[in-house]
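Written below as structure tokens is the structure these notes are about.
Number of protein chains: 2
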Amino acid sequence: MIDAARGLEPADVVFENASVFNPFTCLWDEGSLAIKNGHVLGIGDYSGKMVQDCTGQYIVPGLIDAHVHIESSLLTPTEYARLVALHGTTTVIADPHEIANVAGSTGMAYMLTAHERAAIDILYLLPSCVPATPADVGGAVLEADDLRRFNGDDGILGLGEMMNVPGVLAADPGIAAKLHLSCIRDGHAPGLTGKDLNAYILAGLQSDHECTTFAEAEEKLKKGMYIFIREGSTEQNIEELIPLVTPATVSRCCFATDDCHADLLMDAGHIDRCIRRAVAHGLSPELAIRMATLSPAERFGLSDRGALAPGRRADFCIVDDPETFVVRQVFRNGTEIKASSHVPQVPFPPSVHCSVPSREAISISGNGSARVIGLVPDQIVTTSLRYDCSAEDIPDLDRDILKVVVCNRYRDAPCGIGLAHGFAFREGSIACSISHDAHNIIAVGTSDDAILQAIHQVIRAQGAMVAVLGMETVILPLDCAGLMSTLPYPEVARRLKVLHDVARKMGGIENPFMYLSFLALTVIPSLRVTDRGVFDGESFRDVPLFLD
Amino acid sequence: MIDAARGLEPADVVFENASVFNPFTCLWDEGSLAIKNGHVLGIGDYSGKMVQDCTGQYIVPGLIDAHVHIESSLLTPTEYARLVALHGTTTVIADPHEIANVAGSTGMAYMLTAHERAAIDILYLLPSCVPATPADVGGAVLEADDLRRFNGDDGILGLGEMMNVPGVLAADPGIAAKLHLSCIRDGHAPGLTGKDLNAYILAGLQSDHECTTFAEAEEKLKKGMYIFIREGSTEQNIEELIPLVTPATVSRCCFATDDCHADLLMDAGHIDRCIRRAVAHGLSPELAIRMATLSPAERFGLSDRGALAPGRRADFCIVDDPETFVVRQVFRNGTEIKASSHVPQVPFPPSVHCSVPSREAISISGNGSARVIGLVPDQIVTTSLRYDCSAEDIPDLDRDILKVVVCNRYRDAPCGIGLAHGFAFREGSIACSISHDAHNIIAVGTSDDAILQAIHQVIRAQGAMVAVLGMETVILPLDCAGLMSTLPYPEVARRLKVLHDVARKMGGIENPFMYLSFLALTVIPSLRVTDRGVFDGESFRDVPLFLD
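If you read the sequences in order, they're chains A and B. Anchor point for the first sequence: position 373 equals 373 in the numbering used here, and the numbering is continuous, going up by one each time. Anchor point for the second sequence: position 341 equals 1341 in the numbering used here, and the numbering is continuous, going up by one each time.
If you want it as structure tokens, here you go:
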């Protein structure tokens, strides 16, 4: 390799006459990019066994997603990799905490095995909050000792998002033990500010991907956190946060998608979409690309990528124009990633072990001032609303108050019932076996019958996304832990579209499954619903549906 | 600590009403800096057991020297620390390769023990080139296995400057073994460019502190190297290189002093001097301070310092004005570093084992075109000059061609003789036991008698810097490995001044000892002289004094 870099031996392939993005200067270098054995030799006057002319084209280091839950795509890791690779992504930093909540170490091991077979580099962080909080036990509990057996494995980079902010602030010994597992520790602290944020950072958390306001992101950046600006299916923060990124701060800012469905990935893209959106909101393409390449590589200590410098991996993509950023070709370790065929998937053991609840189990009673979860467009935070109503009024289609049911999928147990404003359905119901992070079955609908029918279909399919509208029932089976489908990604995207088409006919909001799937996530403010009932994210405790 | 950060318990001390430098934004934060147990709690509305009002003052994170050879200060590590601490430095990244060339592992162990007793944090890199090249054996040879026993020790960060560029380019297995010792590897590649530079970087070298031209530094930065902009006693690169530093590049640029005598450190300062000089040459104080704080912390993976953010070490200094940057107070782990008294020093075993050479041993013969080393003002590189002359003409005071003698200090052996242009002495001689990196005795003078007298005094003192002018002989004893003095730093600085005063009376250049001490360093172009004679740094081989 050294002889080849010196030009004493030919390169494997030389990309001639390209403009190559240089993240160290945020400028473009002109020249020929030489590759050998999957690594960059350098840019210079090289000759190669093969030559590709790149006149008028732009070469960009492989894009990196700083924080993603692959499970949220509804695709298995290898299928996810096959999809995002075509958008220029060559590395993702994934936290497998969805499947870990369902199936613990077994689930993690399933994801880790994909590391070797995937079309891109999937690097993992150990899920730090399984369950998300001690009260939200799903299918598994992972303590520091459970995580330690994965620590040091190939593909494990550090500790994933520490969502248990109250636990950190209370110096919980179990959390402290997890924080000691690695010197790379991702944070998750939506809305945390002032001295409590100081304490959270002091405890060792280094990044945040939950900022929704500029002031929040600015405070966290100033206090030394890496800021992952997130653009997912519902969590869209680029417009608000992108003014944070300047030449002086770009080395501390990355992109993350966190949670993106397969259809959005297929239609709109992945990190390439983040770049386009950032540019659309005024960021220079150069700073946007820096955010997507060297910045996450530096944050995670990946000195082997993030730039097309000598000795680094030849992971890159070719675009015609940095502004429009349409990816033409993608290379990983110097080899072009082509659209490939679906890899047969390893089956996952059954993970849904409950019966369909009775009509009584999902009934409510009471009246007065009710706590109602308010959906916030494009965000996973919710508001805590109050409506004067009576149990018999529900569903209240005029005021858009619908019943939400959470049914424990791991055992037969009482259901949790809440109310939500914002779905705007006029009829029908939806349900799914994805509900962060315990991944019980969650459903919302305009009648108890429709809700029960949807839940029934989820259970029958051993996990699924279901929409019920009159006599019509549409199902996307999620046969892998009730989270992911083993179908090829185009088929998953097609079925998602059908699901969304049906949901749209119910008269409701766009993307209702994504909102629904986050309604049980107690670590995000303000009001939530779990299998125990309504949860107040401000006081961090279960509360009754009616105030009195 | 977490409770204190949350404001539930008082801080130990609060610095109120300060402007605190924020290297994440390169801006100043206004507020109260709270400290407890030597660490930062945060900036905010904190109360403390003690309060210091900092109205109108500026607080800056403790300064970091990215690359230094402490031995070059002529001070022992604890004495060096006592001096630079007063200039705002709280961390240095030191390569103990001077003493390692003299005394191998014994020398390294001597330096490492200082780590615990010093007023600042002295962190070490393992010296990768002892000797600098296979031909330049001094008192020791350190192979990868010898270094490995220090690897992982407290205070060891990685592998120090890899100066053997030809060895790297030839894929020498011994060098490869050293490169495998750590994932932090400092480079040293003066003038290396193009494809050979690519190969050097591909081999794993990540930084360079040897750039002397803007184009060289820009190329290395573009290719992914961290650039340490050096300002030492003779190596002064700030003026030329500082335009490289922009908001987009500052995270990859640091300051280094490499080699600084005690008198310069006392009179002109340390990294504070680098900041002042950078500002004088047009850099904003904010970028200069970023270079001196967070950038080296990031480069060396020191996430516990470089910024005054929650949980980081409370290492900082207070200045009245960022432009003039005069350090008023320095704190390490939250405690003020005060001017302290000299710590009694541990003696070092004898390291000079040769006799004074005979007059014949330093005579030369021949005539014609002679190779003459040309000094370059303020640089350690030399030029390779040619003068038509005869051996009898030397010294040629009119053309400023003086004899340089290198005398092996480890055993009785033939002397190496070279010629130098640039010292400009009219009479007298100087000699010292510091001559990078083998640290043989090196002398230059206007007569063989004066040269032999100077060498005699160096040997008698078991290492020293000596100036001989007529009947006057001035000595700074370097009783610690012939490199460092165990005297207190003010006394070392005083004696250096006397040495320089005498040398000035010889009619020569300023700082002749620093130039002299680098004349034997074969890894720096172009022409050198070792105990074997003249060395051509371009062809990397010994050559005769006369061309024919």
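The C-beta atom is built at its ideal place from N, Cα and C for all residues, glycine as well. It should be emphasised that the depicted structure is a prediction, and the values quoted were computed from it without experimental measurement.
#1: How many Å lie between residue 126 of chain A and residue 107 of chain A at the Cα?
#2: Along chain B, which residues have their Cβ under 8 Å away from the Cβ of residue 26 of chain A?
#3: Which partner residues of residue 1229 of chain B appear in the DSSP bridge assignment?
#4: Which partner residues of residue 1457 of chain B appear in the DSSP bridge assignment?
#5: Mind listing the chain C neighbours of residue 22 of chain A? Cutoff is C-beta to C-beta under 7 Å, in chain order.
#6: Please list, in chain order, the chain A residues whose beta carbon lies closer than 9 Å to that of residue 1002 of chain B.
#7: For residue 242 of chain A and residue 1023 of chain B, what's the separation of their Cα atoms in angstroms?
#8: Rounded to a whole number of angstroms, what is the C-alpha to C-alpha distance between residue 519 of chain A and residue 1068 of chain B?
#9: Buried or exposed: which applies to residue 1182 of chain B, given that a residue is buried once 16 or more other Cβ atoms fall within 10 Å of its Cβ?
#10: Could you check whether residue 156 of chain A and residue 124 of chain A sit closer than 8 Å to each other, using their CB atoms as the reference points?
#11: What residues are listed by DSSP as bridge partners for residue 441 of chain A?
#12: How should residue 90 of chain A be labelled, buried or exposed, when 16 other C-beta atoms within 10 angstroms of its C-beta is the threshold for buried?
#13: If you compare alpha carbons, which of A/203, A/486, A/370 and A/377 is closest to residue 71 of chain A?
#14: Just to check my reading of the structure: residue 1289 of chain B and residue 1087 of chain B have Cβ atoms closer than 8 Å, yes? What is that Cβ distance to the nearest angstrom?
#15: Mapping DSSP to helix, strand and coil, what is residue 1084 of chain B?
#16: Where does residue 1485 of chain B sit, in a helix, a strand or coil, going by DSSP?
#17: Residues of chain A with a CB under 8 Å from the CB of residue 1252 of chain B: which are they?
#18: How big is the Cα-Cα spacing for residue 484 of chain A and residue 357 of chain A?
#19: Of all the options A/245, A/423 and A/311, which has the alpha carbon lying nearest to the alpha carbon of residue 395 of chain A?
#20: Would you call the segment 448-455 of chain A in contact with the segment 215-234 of chain A, where contact means no fewer than 3 C-beta pairs closer than 8 Å?
#21: Let me check you understand the geometry: is the CB of residue 1093 of chain B closer than 7 Å to at least one non-hydrogen atom of the ligand GTP?
#22: Is there a Cβ from chain B that is less than 8 Å from the Cβ of residue 41 of chain A?
#23: Answer with yes or no whether the minimum CB distance from residue 152 of chain A to chain B is below 8 Å.
#24: Could you tell me whether the Cβ of residue 1178 of chain B comes closer than 8 Å to any Cβ of chain A?
#25: With C-beta atoms as the reference, is residue 1391 of chain B less than 8 Å away from residue 1366 of chain B?
#26: Identify the continuous beta strand (DSSP E) that holds residue 1465 of chain B and give its terminal residues.
#27: Of all the residues that make up the segment 1310-1333 of chain B, which are near chain A by a beta-carbon distance shorter than 8 Å?
#28: Less than 8 Å between the beta carbons of residue 1444 of chain B and residue 1516 of chain B, yes or no?
#29: DSSP state of residue 119 of chain A, grouped into three classes?
#30: Hey, which unbroken runs of the alpha helix (DSSP H) at 4 residues or more fall wholly within the segment 301-346 of chain A?
#31: Which partner residues of residue 29 of chain A appear in the DSSP bridge assignment?
#32: Would you list the one or two residues that DSSP bridges to residue 58 of chain A?
#33: From residue 1321 of chain B to residue 1058 of chain B, what distance separates their C-alpha atoms?
#34: Going by DSSP, name the residue or residues bridged to residue 1185 of chain B.
#35: Given residue 166 of chain A, which residues of its chain have a CB within under 6 Å of its CB, disregarding the five upstream and five downstream residues?
#36: Closest Cβ-Cβ distance between residue 149 of chain A and chain B: below 8 Å?
Taking the structure as given:
#1: 12 Å
#2: 1248
#3: B/1255
#4: Its beta-bridge partners do not exist; DSSP assigns none.
#5: Judged by its chain identifiers, the structure shown contains no chain C, and its protein chains are A and B.
#6: 168, 169, 170, 171, 199, 200, 202 and 203
#7: 19 Å
#8: 56 Å
#9: buried
#10: yes
#11: A/407
#12: buried
#13: A/486
#14: With 8 Å as the limit, residue 1289 of chain B and residue 1087 of chain B do not qualify as a contact, their Cβ atoms being about 14 Å apart.
#15: Assigned with DSSP and collapsed to three states, residue 1084 of chain B falls in helix.
#16: DSSP places residue 1485 of chain B in the strand class (E or B) of the three-state scheme.
#17: 24
#18: Each residue's alpha carbon lies about 24 Å from the other.
#19: A/423
#20: no
#21: This structure lacks the ligand GTP, and indeed carries no ligand of any kind.
#22: Yes, its Cβ sits closer than 8 Å to a Cβ of chain B.
#23: Closer than 8 Å to the CB of residue 152 of chain A there is not a single CB belonging to chain B.
#24: With 8 Å as the cut-off, residue 1178 of chain B does not count as an interface residue toward chain A.
#25: Contact flag set, yes.
#26: 1464-1469
#27: 1310, 1311 and 1312
#28: yes
#29: coil
#30: Listed in chain order, nothing qualifies, since the segment 301-346 of chain A has no complete alpha helix (DSSP H) run of 4 or more residues.
#31: A/20
#32: A/19 and A/319
#33: 7 Å
#34: B/1159
#35: 540
#36: no
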